[in-house]
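Count along the sequence shown starting at 1, add 49, and that's the number in the numbering used here.
Think of the CB as a built atom: it goes at the ideal place given N, C-alpha and C, for glycine as much as any other residue.
In this text the structure is predicted, and so the values were computed from the model without any measurement.
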Amino acid sequence: MSELLRTQDRPLRVRKVHSLRTFIWLARGWSDFMDAPVVGLAHGALMGGFGGLLMLLAWDRFWIRAGALSGFLMVAPILSTGLYAVSRALLRGEPAGFDAVWAVWSSMDRRLVKFGLLLTALGTGWVMTSAALITLGVKPPVTTPTDFLHRVVLSPNPGFFEIWLLVGGVMAAPVFASSVVAIPLLVDRQVSVQRAVLTSWRAVAANPICLSTWAAIVMTLSLLGLGTLMFGLILVIPVLGHA
């Protein structure tokens, strides 16, 4: 995805790419995963395990679980920072193991910490918003997936589920636009968080069809990962992270 940037120019400029380029990114993500499978599986297992823990903690509170899992996806990009570092090492022909991951995380880069806290705040905000919508808008309380299906998705109140999706989309879209290029850029270059985010937004504006397609791919694969009780994330996370 780094091809969206002309990194030799100052200020950073973005370029347009073909809308089908997303599938090449996906193929490259799989290739990098195959070149460093242990690191990728470790990331996938850790994030899948964390998602599973969220499910267990909110097992009888589905109104929290629905927001928590989708909020978890908002912060997933920053948690995949190690995978970006591994892909960079592979591109440079450098050792691409846990040392590359450790080098990024042990640096305690304030820019990555700042951006991670921002994504965490946004994810938490969505969890609280989702919980408030479901708690205040649905009676009796939603406690199981079946309750969520009947009382939210198939709600007798016209438009309730659509409003829930709309609010989630309004909160998720800026997160995607801010992070799709920003995090790899922060790992690869010494630029400020503000500059990285603005560059990411300009990349999205220059390639709306391409990056909308990418967002749809990310969402589809993420839902497949969540729908397999998190086991699918073991493969989904490293492929998307490397891409």
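Suppose contacts are defined by Cβ-Cβ distances below 7 Å. Is residue i in contact with residue j by that definition?
{"i": "D81", "j": "S156", "result": "no"}
{"i": "R244", "j": "V63", "result": "no"}
{"i": "T248", "j": "L75", "result": "no"}
{"i": "I283", "j": "G93", "result": "yes"}
{"i": "N256", "j": "V88", "result": "no"}
{"i": "M104", "j": "W175", "result": "no"}
{"i": "G101", "j": "I127", "result": "no"}
{"i": "V267", "j": "G78", "result": "no"}
Could you tell me the boundaries of the alpha helix (DSSP H) in which residue i lies?
{"i": "H67", "result": "Here H67 belongs to no alpha helix (DSSP H), and DSSP marks it neither H nor E."}
{"i": "T173", "result": "R159 to G186"}
{"i": "E211", "result": "F209 to S228"}
{"i": "R200", "result": "Per DSSP, R200 belongs to no alpha helix (DSSP H) and is neither H nor E."}
{"i": "T192", "result": "Taken as a continuous stretch (DSSP letters only), T192 belongs to no alpha helix (DSSP H), as it is neither H nor E."}
{"i": "L278", "result": "Run containing L278: none; DSSP gives neither H nor E here."}
{"i": "S155", "result": "F147 to S155"}
Helix or strand or just coil, what does DSSP make of residue i?
{"i": "S241", "result": "coil"}
{"i": "W108", "result": "coil"}
{"i": "G142", "result": "coil"}
{"i": "A134", "result": "helix"}
{"i": "L75", "result": "helix"}
{"i": "L103", "result": "helix"}
{"i": "A292", "result": "coil"}
{"i": "S129", "result": "coil"}
Should the segment 166–180 be called in touch with the segment 219–231, which here means at least 3 C-beta pairs below 8 Å?
yes
Cβ contact (3+ pairs, closer than 8 Å) linking the segment 65–73 and the segment 257–269:
yes
Assess, as a yes-or-no matter, whether the segment 131–147 is touched by the segment 230–239 under the definition of 3 or more beta carbon pairs within less than 8 Å.
yes
Closer than 8 Å is the cut-off here; do at least three beta carbon pairs connect the segment 96–103 with the segment 189–203?
no
Three or more C-beta pairs closer than 8 Å, one from the segment 211–222 and one from the segment 173–182: is that the case here?
yes
Examine the Cβ distances between the segment 74–89 and the segment 137–146 and report whether three or more of them are shorter than 8 Å.
yes
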